[in-house]
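Quick note on this note's numbering: the sequence shown kicks off at 926 and runs consecutively.
Report on the following structure.
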Amino acid sequence: CGMSTLWFERHAGSVHSAEDSAVWHKQIRSRAKKADICLLEGESYVHKIREFSPGHFDLILIDGSHRLACFQLALEHARPGTLVLVDNTDSDRTTGGELYVIDRILNELGPQWEVHRFPGWEWGNFYASETTVCVRR
């Protein structure tokens, strides 16, 4: 969960967020009005999406811990028209980390997915970052 959780709760029908940092959870929870925000760790955090039926979500945003595992489950839970948004998809290109693996998967998703990459400057940082949005066809 994060600032996007607070934005989406004002603009979406319902918002479900999982967080694994107690400090960040407390901060966002205190500002949230109606979003369902849960504090989970490890496998519980990763598998929270399984509590919802495949196709439940219009948007699945990945911007936290265990991004590769969360991304793989998001792909399984997406129906045609679902957006899967992954923040910082360019971050591990030099280190070969989780986001590098996601970046490689994005390049090979195939015709059932549209992949849109949005590189740009982040507020408060001196470097560009990339957010990628995948749309299930």
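Just so you know, even glycine gets a beta-carbon here, dropped at the ideal spot from N, CA and C.
Keep in mind the model is a prediction, meaning the values are calculated, not measured.
Which residues in the same chain have their Cβ closer than 6 Å to the Cβ of L1010, if we skip the five residues on either side of it in sequence?
What you label residue 1010 is simply residue 85 of the sequence shown in a count that begins at 1. Excluding sequence neighbours, L1010 sits near L986 and V1058.
Using the Cβ count rule (16 or more neighbours within 10 Å means buried), how would you classify F1043?
Against the sequence shown, residue 1043 aligns to sequence position 118. So F1043 ends up on the exposed side.
Determine the contact status of T1019 and R1061, defining contact as a CB-CB distance below 7 Å.
On the sequence shown, position 94 is the one that residue 1019 refers to. On the sequence shown, position 136 is the one that residue 1061 refers to. For T1019 and R1061, no; Cβs fall outside 7 Å.
What are the residues that DSSP puts in a beta bridge with R1029?
As a first step, residue 1029 is located in the sequence shown; it is residue number 104 there, counting from the start. Paired residues: none, contrary to the question.
Taking H936 as the reference, give the member of D983, L1024, I974 and E944 with the closest Cα.
As a working mapping, residue 936 is identified with position 11 in the sequence shown. Selected option, being the one with the closest Cα: D983.
Nearest to E966 by alpha carbon, out of T1056, H950, A1003 and G1049?
Counting from one through the sequence shown, the residue named residue 966 turns up at place 41. It is H950 whose Cα lies nearest to the Cα of E966.
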